[in-house]
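Take a look at the structure set out below.
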Amino acid sequence: MPEMPVALLRVHAKRSFETGRLLVAARVGIVVVPLGAICARETGAYARCTVVAALLVTMAIVVRWRQWRGIRAVDAGLLTGIIPMAAALLLCRFATEWPARAALGICAGTGFVAGMLAARSTLAVLNAEWPEWASASLVAGLTAALGCVGIGFGTAVGAAIGVATGTVVATQLPRHV
Amino acid sequence: MVRLAEGDRGAFDAVFAGLWPELLVFVRSAMAGDPEAEDLAQQTLQKIFFRISEFDTSRDGVAWAFGIAIYEVRTLRRKRQRRKEVRADSVTATADGRPSPEALLIETDLRRALTESLGELTNIDRAVLLPGDTTGADVAPAAWRKRRQRALERLRTVWRNRNA
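This is how it looks when you write it as structure tokens:
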């Protein structure tokens, strides 16, 4: 490697930083793709799950790559979003018949809890501002929708609204109890 | 470094400006007189920035970065060592069978390093290791071998610390 001026070295170093960060960001696919596959298999809604999983992977990679503290925000969103997703998958697995309103209620309710947890965890741990908790809740909403979209589009929307509401409520609470 | 590791691009210039001169000095001192020192420092800097997103922010950033630099210096030395093992005959000997200037220079360097390392040992250790030693005459062969082995171990440690 020939010697290079400092300005050029800075450009190369910046490129290395961006490449490394993108690779680290892309690792989230190791978690999200299997999650999408599990949801598609359990609910049988392959097309819808693929669309939501693709959205979730893209969103997670972009946030982890470009946003300050994005990696922690996405991790918090995924961890909390798994709650409504798991509830929806349990419904699909064990409930042979389930009233649509009950399914919507469960998905929205667990989504609300997930949204609160996502916002609180990012706010508490990171002392974060709105971009962090907004990203965390968006990822949590998409993760929730990934599980609920198999039941129905409305249920997925309900879960996402639940997450958003939970996030808004959590951000209005005092930060340190 | 913590901010950059968390993805704050605004910290890039500060980290670059703080890290590059120190890294260059460190690599140059670790590879004194080596013309490839600056190239290696540049490669190391790029590796540090490539891996900075994996850096555990609870640890010391400078120690982490210089840990990578030490690894790179050692890797280059190992590569060169292997190259020398393969090409030792062809490089160090001239057509008339006499050692080449490069081989003579290497030998001089090695002798100097050995003398300095021996200088750090105790008189007893040095006496056991150097030729013409008569201290072994009054001890049992097994005890003398053990004493020599220990002295060799100490010499290796000194050598590694001085020249590794």
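Sequences listed follow chains W and V, in order. By our numbering, the letter at position 68 of the first sequence is numbered 68, and the numbering carries on one by one without gaps. Start counting at 1 in the second sequence, then tack on 177, and there's your number in our numbering. Yeah, the Cβ is synthetic: ideal placement off N, Cα and C, and Gly gets one too.
Is DSSP giving V/GLU249 helix, strand or coil here?
DSSP places V/GLU249 in helix when its eight states are reduced to three.
Taking Cβ-Cβ distances below 9 angstroms as the criterion, which residues of the segment 228-248 of chain V are in contact with chain W?
Residues ARG228, ILE229, SER230, GLU231.
Applying the 10 Å Cβ sphere with the 16-neighbour rule, what's the burial state of W/TRP64?
According to the sequence shown, residue 64 of chain W is Arg rather than Trp. It counts as buried.
Following the continuous alpha helix (DSSP H) through W/ILE61, name the residue where it begins and the one where it ends.
Start and end: 46-66.
Looking at the unbroken alpha helix (DSSP H) that takes in V/SER235, where does it start and where does it end?
No alpha helix (DSSP H) contains V/SER235, which DSSP labels as neither H nor E.
Note down the Cα distance separating V/LEU332 from V/PHE232, rounded to an integer number of angstroms.
Rounded to the nearest angstrom, the two C-alpha atoms are 36 angstroms apart.
Report buried or exposed for V/THR299, applying the criterion of at least 16 other Cβ atoms within 10 angstroms of its Cβ.
Burial call: exposed.
Using the three-state DSSP reduction, which class does V/PRO276 fall into: helix, strand or coil?
V/PRO276: strand per DSSP, three-state reduction.
Does the beta carbon of W/PHE94 sit closer than 8 angstroms to a beta carbon anywhere in chain V?
So, not an interface residue.
Taking W/ALA13 as the query, report the chain V residues whose CB atoms sit under 7 angstroms from its CB, ordered along the chain.
Within 7 angstroms Cβ-Cβ: PHE193, LEU222, GLN223, PHE226.
Relative to the alpha-carbon of W/PRO34, which residue among W/ALA73, W/ILE82, W/ALA136, W/ARG66 has its alpha-carbon at the smallest distance?
Among W/ALA73, W/ILE82, W/ALA136, W/ARG66, the Cα nearest to that of W/PRO34 belongs to W/ILE82.
May I have the straight-line CA-CA distance separating W/VAL31 from V/THR285, to the nearest angstrom?
Each residue's alpha carbon lies about 58 angstroms from the other.
Have a look at V/ALA290 and V/TRP336 and give me their C-alpha separation to the nearest angstrom.
So the alpha carbons of these two residues sit roughly 8 angstroms apart.
Within 10 angstroms of the Cβ of W/ALA159, are there 16 or more other Cβ atoms? Answer buried if so, exposed if not.
Its Cβ being crowded by 16 or more others within 10 Å, W/ALA159 is buried.
In this structure, does DSSP put W/VAL113 in helix, strand or coil?
DSSP places W/VAL113 in helix when its eight states are reduced to three.
Across the segment 190-202 of chain V and the segment 132-139 of chain W, are there enough close Cβ pairs to call them in contact, namely three or more that are closer than 8 angstroms?
Touching, no, given that fewer than three Cβ pairs across the two stretches are closer than 8 angstroms.
With burial defined as no fewer than 16 other Cβ atoms inside 10 Å of the residue's Cβ, what is the status of V/THR334: buried or exposed?
Exposed, by the Cβ-count rule.
At the level of alpha carbons, what is the spacing between W/ALA60 and V/PRO212?
Looking at the two C-alpha atoms, the distance is approximately 44 angstroms.
Examine the Cβ distances between the segment 83-91 of chain W and the segment 104-120 of chain W and report whether three or more of them are shorter than 8 angstroms.
With a cut-off of 8 angstroms, the segment 104-120 of chain W and the segment 83-91 of chain W count as touching, because enough Cβ pairs lie within range.
So, at 8 angstroms on beta carbons, what are the nonlocal neighbours of V/GLY238 in its own chain, with the 5 sequence-adjacent residues on each side left out?
Only MET178, VAL179, ALA182, PHE232 meet the Cβ criterion.
Counting only beta-carbon separations shorter than 8 angstroms, does W/THR19 have a partner in chain V?
It does; some Cβ of chain V falls within 8 angstroms.
Between the C-alpha atoms of W/GLY115 and W/ALA164, what's the straight-line distance to the nearest angstrom?
Cα-Cα distance, rounded: 6 angstroms.
Figure out for me which residue from V/GLU330, V/GLN258, V/LEU201, V/ARG236 has the closest Cα to the Cα of V/ILE283.
Among V/GLU330, V/GLN258, V/LEU201, V/ARG236, the Cα nearest to that of V/ILE283 belongs to V/GLN258.
Would V/ASP315 be called buried (16 or more neighbouring beta carbons within 10 Å of its own) or exposed?
Exposed is the call here.
Over what stretch of residues does the alpha helix (DSSP H) that includes W/MET85 continue unbroken?
Residues 70-94.
Relative to the alpha-carbon of W/ALA26, which residue among V/VAL250, V/SER230, V/ARG324 has its alpha-carbon at the smallest distance?
Among V/VAL250, V/SER230, V/ARG324, the Cα nearest to that of W/ALA26 is on V/SER230.
Just to confirm the assignment, what range does the alpha helix (DSSP H) spanning W/ARG41 have?
Start and end: 29-43.
Cutting at 6 angstroms between CB atoms, please list the residues of its own chain near W/THR80, excluding the five before and the five after it.
ALA114, LEU117, ALA118, ALA140.
Between W/GLY147, W/GLY162, W/VAL169, which has its C-alpha nearest W/CYS49's C-alpha?
Comparing Cα-Cα distances from W/CYS49 to each of W/GLY147, W/GLY162, W/VAL169, the minimum goes to W/GLY147.
Along chain V, which residues have their Cβ under 9 angstroms away from the Cβ of W/TRP68?
Here the neighbours are ARG180, GLU183, GLY184, ASP185, ARG186, GLY187.
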